[in-house]
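Below you'll find the structure, written out as structure tokens, and then a few comments.
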Amino acid sequence: MAGSGTTLVTAKLRGHEAIGFDRDPLAVLIARSWLASVNAEVLQDKGREVLAKAHSRAKDISVGNAYPRHSDIETKEFVRYWFDSTNRIQLSALSDTISRLHDPCLRDLMWCAFSRLIITKKIGVSRAMDVSHSRPHRSYDKAPVNAFDRFENAVKYIVNAAPFPK
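If you count the sequence shown from 1, you need to add 26 to reach the numbering used here.
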């Protein structure tokens, strides 16, 4: 089990080759991203580019279409319950923009920044609190922050947490 990748990162920092396995796709994404060699300037530039393109895309997304691709009825109900209309549109635009990135490493790192917007203890882009402890409870009618306002900071966090600068 790779989990968040702490053991894998520690092994790499000590010069070992580590192999991890996990069934949770988010854990795999986080571990793989944490092990990546990161060029801080390139990542921050790409984060600003993703945000600018997402702003442009958001203008063409109606709230009725602000769902993950290929969402079924149950997924749409879930998304409507947990996310207000503004963040649904902004997250849809960010998601669409990130999914179009060609570089798999940059795409993974942007997905990590994206997940930081949602997986929080208190203040995030959802109507929930305590998402990071898998005990979410709906606490807000409107999320306390918007995705676009927090995305660059989420990218900066990923840059600062990267143990393997390029």
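Glycine included, every Cβ here is placed at the ideal spot set by N, Cα and C.
The DSSP-derived three-state label of R133 is helix. Taking C-beta separations shorter than 7 Å and ignoring five residues to either side along the sequence, the partners of S141 in its chain run L52, following chain order.
With respect to V35, P189 sits close: the two C-beta atoms are nearer than 9 Å.
Contact between S152 and W108 holds: CB atoms are separated by about 5 Å, below the 8 Å threshold. Judged by pairs of C-beta atoms under 8 Å, the region 75 to 86 touches the region 111 to 125, as three or more such pairs exist. Only exposed fits K168, as fewer than 16 other CB atoms lie within 10 angstroms of its CB. Under the criterion of beta carbons closer than 8 Å, L69 and L127 do not qualify as touching, at roughly 11 Å. Comparing alpha carbon positions, the residue from T33, D50 and V171 closest to E43 is T33. Annotated three-state conformation of V64 is strand, per DSSP.
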